[in-house]
Amino acid sequence: AQSVTQLDSQVPVFEEAPVELRCNYSSSVSVYLFWYVQYPNQGLQLLLKYLSGSTLVKGINGFEAEFNKSQTSFHLRKPSVHISDTAEYFCAVSATGGGNKLTFGTGTQLKVEL
Amino acid sequence: NAGVTQTPKFQVLKTGQSMTLQCAQDMNHNSMYWYRQDPGMGLRLIYYSASEGTTDKGEVPNGYNVSRLNKREFSLRLESAAPSQTSVYFCASTLQGRTGELFFGEGSRLTVL
Numbered sequence: 503a504q505s506v507t508q509l510d511s512q513v514p515v516f517e518e519a520p521v522e523l524r525c526n527y528s529s530s531v532s533v534y535l536f537w538y539v540q541y542p543n544q545g546l547q548l549l550l551k552y553l554s555g556s557t558l559v560k561g562i563n564g565f566e567a568e569f570n571k572s573q574t575s576f577h578l579r580k581p582s583v584h585i586s587d588t589a590e591y592f593c594a595v596s597a598t599g600g601g602n603k604l605t606f607g608t609g610t611q612l613k614v615e616l
Numbered sequence: 111n112a113g114v115t116q117t118p119k120f121q122v123l124k125t126g127q128s129m130t131l132q133c134a135q136d137m138n139h140n141s142m143y144w145y146r147q148d149p150g151m152g153l154r155l156i157y158y159s160a161s162e163g164t165t166d167k168g169e170v171p172n173g174y175n176v177s178r179l180n181k182r183e184f185s186l187r188l189e190s191a192a193p194s195q196t197s198v199y200f201c202a203s204t205l206q207g208r209t210g211e212l213f214f215g216e217g218s219r220l221t222v223l
């Protein structure tokens, strides 16, 4: 089985500042990794995903994440945040070949302030 | 451009009542999922349907049943609601081969008194 840990439940940041949202995973098999974003009163939408290849993946809205196998991490970063980035961010993992059964972390609430 | 549509959006039940949450997608997706979202616990998979005609249990299936009515529709039934089932329920779908790219509905907020 796989598991995901998002250590930060809330991350406040000022507009135009950089941000990093941390995600660590645990699995005994190879995995795929994902970040989803949830805006208030909406469903989740895919931000980016790592399947294979380059460990640095770029997603929508200027976000990127880096897969680090030795650290079992997949941290999400953005060099300059905007008010509109205020949302909850979920890291998720699935086993390769395990279909699309995703295991989600508990989420990190990103609050961007002026 | 509907995507994944869930009904109802809000529901209040008394303990022991039954209800069905409906989900329909218009993207010709093969697989459909039901998740519940609780504060501090993220999303947990209740049931999923990899393809029309099949359903399987997820992480937290107890107290729920599902029906994959056809390729478009996947319903979640609570036969005897309990306060522990107070949650926000999300339906999602994806196309086979689109690894991890789930499309979510807007959620159904259920309160069991």
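These protein sequence lines map, in sequence, to chains H and G. 503 is the number of the first residue of the first sequence in this note's numbering; add one for each residue after it. 111 is the number of the first residue of the second sequence in this note's numbering; add one for each residue after it. All C-beta atoms in this analysis are idealised placements derived from N, C-alpha and C, irrespective of residue type, glycine included.
I want to know whether the stretch 578-587 of chain H touches the stretch 513-523 of chain H - three or more CB-CB distances under 8 Å. Enough Cβ pairs lie closer than 8 Å, so yes.
So that I know if they touch, is there some Cβ in chain H lying closer than 8 Å to that of G:Y158? Interface flag for G:Y158 against chain H is set, since a Cβ pair is found closer than 8 Å.
When the Cα of G:F214 is compared with those of G:Y145, G:R187, G:F120, which residue comes out closest? Residue G:Y145 is the option with its Cα nearest to G:F214.
Would you kindly work out how many angstroms separate the C-alpha atoms of H:S510 and H:T610, rounded to a whole number? Here residue 510 of chain H is Asp; the residue named in the question, Ser, does not match the sequence. So the two alpha carbons sit approximately 6 Å from each other.
Below 7 Å between beta carbons is the criterion; list the residues of the stretch 599-615 of chain H that meet it against any residue of chain G, in chain order. Contact residues of the stretch 599-615 of chain H toward chain G are G601, N602, K603, L604, F606, G607, T608, G609 (C-beta to C-beta distance below 7 Å).
Using three-state DSSP, classify G:Q135 as helix, strand or coil. In the structure shown, G:Q135 sits in a strand (DSSP, three-state: E or B).
Whole-angstrom distance between G:L186 and H:K560, CA atom to CA atom: Take the alpha-carbon of H:K560 and the one of G:L186: they are about 35 Å apart.
Distance between beta carbons of G:G152 and H:F576, contact taken as under 8 Å: The Cβ separation is near 15 Å, so there is no contact.
Relative to chain G, which residues along the stretch 551-583 of chain H have a C-beta separation below 7 Å, given in chain order? Taking 7 Å as the Cβ-Cβ cut-off against chain G, the residues of the stretch 551-583 of chain H that qualify are K551, L553.
Let me see if you follow: with CB-CB separation under 8 Å, is G:T117 close to chain A or not? Note that chain A does not occur in the displayed structure, where the protein chains are H and G.
Would you say the stretch 596-612 of chain H touches the stretch 122-134 of chain G, given that touching needs at least three Cβ pairs under 8 Å? Contact check between the stretch 596-612 of chain H and the stretch 122-134 of chain G: fewer than three CB pairs, one atom from each, fall below 8 Å, which does not count as touching.
Local Cβ density within 10 Å of H:L548, reported as buried at 16 or more and exposed below that: With 16 or more Cβ atoms within 10 Å of its Cβ, H:L548 is classed as buried.
At a Cβ cut of 9 Å, what residues of the stretch 120-141 of chain G count as close to chain H, listed as they run along the chain? Going along the stretch 120-141 of chain G in chain order, one finds S141 with a Cβ nearer than 9 Å to chain H.
From H:S529, H:V531, H:V539, H:S532, residue whose alpha carbon lies closest to that of H:S586: Measuring C-alpha to C-alpha distances from H:S586 to each of H:S529, H:V531, H:V539, H:S532 identifies H:V539 as the nearest.
Measuring only the C-alpha atoms, how far is H:W537 from G:G207? Distance between the alpha carbons of H:W537 and G:G207 is about 18 Å.
Own chain residues within Cβ distance below 7 Å of G:T117, not counting five before or after: The answer, listed in chain order, is Q132.
Which of helix, strand or coil DSSP assigns to H:N602: H:N602 falls in the coil class under three-state DSSP.
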